[in-house]
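Going from the sequence shown to my numbering is simple: count from 1 and add 158. Encoded as structure tokens, the structure appears first; notes follow it.
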Amino acid sequence: MENDFLKVIETRRSCRKYKPEQITDEELKAVLEAGTYAPTSRGMQSPYIVAVQKKEVLARLAKMNAEIMGVTSNPYYDAPTYVLVFAPSLANNPVQDGSCVLENMMLAAHALGLGSCWIHREREMFAMEEGKQLMEEWGLPEGLMGIGALSLGYPDGESAPAKPRKPEYFRVIK
159 MENDFLKVIE TRRSCRKYKP EQITDEELKA VLEAGTYAPT SRGMQSPYIV AVQKKEVLAR
219 LAKMNAEIMG VTSNPYYDAP TYVLVFAPSL ANNPVQDGSC VLENMMLAAH ALGLGSCWIH
279 REREMFAMEE GKQLMEEWGL PEGLMGIGAL SLGYPDGESA PAKPRKPEYF RVIK
């Protein structure tokens, strides 16, 4: 079965090296809108998406994440855009809802020729006082938890080919 969408899924890879140029506003909007169409528990649309392109804030986020990770490098791989996803900690399925948002955005980014990589440690970052202060500055409601983030930009280089799929990855029970 050949299908363009299935090809997008099969060829998407995590990008860990980005060109310094910023993505266009149209590309960013398309990626963000794709996130808004992710399925959410009870259709509540509980996640919040925050795109960051301001250099000072990018540096602050990279520093926070690196400290938690215990490294000095940039965990967001110096991408020109970070996209953060939050959800109410008391929502029915905050991690699942936010994860669907992140996946939709990664697939949309790939379909547009952009690179992305799922970044972790936002849960810890935004549980800290500094993270809570940032959420307040961004006008987000209280009670949110960080779910994850994407580094986003133009890939600098070719994607690696897909690893072979493990045998017996799935089963069909009839």
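Virtual Cβ for every residue (Gly too), placed ideally from N, Cα, C.
Nearest to G273 by C-alpha distance, out of D162, N161, S317, M303, is S317. The region 262-271 and the region 222-235 do not touch, with fewer than three beta-carbon pairs separated by less than 8 Å.
Non-local C-beta neighbours of E288 in its own chain, meaning closer than 7 Å and more than five positions away in sequence, comprise M222, ordered along the chain. Around the beta carbon of N250, a 10 Å sphere encloses fewer than 16 other beta carbons of the protein chains shown; the residue is thus reported as exposed. E295 and S309 have their C-alpha atoms some 21 Å from each other. Taking a contact as a CB-CB distance under 8 Å, the pair P299 and Y176 does not count as one, their CB atoms being some 31 Å apart.
As DSSP reads the structure, A307 sits in a beta bridge with L242, I277. DSSP, read as helix, strand or coil, puts S257 in helix. For P313, the pairing in a beta bridge is given by DSSP as Y176. C-alpha of G315 to C-alpha of C173: approximately 9 Å in a straight line. Between the C-alpha atoms of Y235 and T198 there is a straight-line separation of about 29 Å.
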